[in-house]
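Asks:
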Amino acid sequence: MFNNRSWRWQKIIQDKSMSLMCQQNSYLKEFHTRVKSCTPASGTVLLENGKKDKVQGYEVILDDTILFPEGGGQV
1 MFNNRSWRWQ KIIQDKSMSL MCQQNSYLKE FHTRVKSCTP ASGTVLLENG
51 KKDKVQGYEV ILDDTILFPE GGGQV
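Taken in order, the sequence shown gives residues 1 to 75; the numbers are from UniProt numbering.
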């Protein structure tokens, strides 16, 4: 949704010294981690009818994740 910030994920994945939980066990369904920051964010989404809609949300940065950042819309 907020593609202008996807570079952060790319930087994390390229850091070979860091191994995310999604890389260690891709079958996890529950996971405990720490929220590093949570800030208001806004963006646009493309609706099924082809129109764009403004949305409000939050950019959340976690200490670790089980969501693979290139696995289907998480970026």
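C-beta: ideal position from N, C-alpha, C; glycine also.
Since the model is a prediction, treat every value here as computed from it, not as a measurement.
1. Per the DSSP calculation, Y58 is bridged to which residue(s)?
2. Less than 8 Å between the CB atoms is what I'm expecting for V35 and V60, so what's the real figure, rounded?
3. Taking the Cβ atom as the reference point for each residue, do T33 and T65 lie within a distance shorter than 8 Å?
4. Which residue wins for smallest C-alpha separation from G43, given the options L67, G57, M21?
Replies: Taking the structure as given:
1. P40
2. 6 Å
3. yes
4. G57
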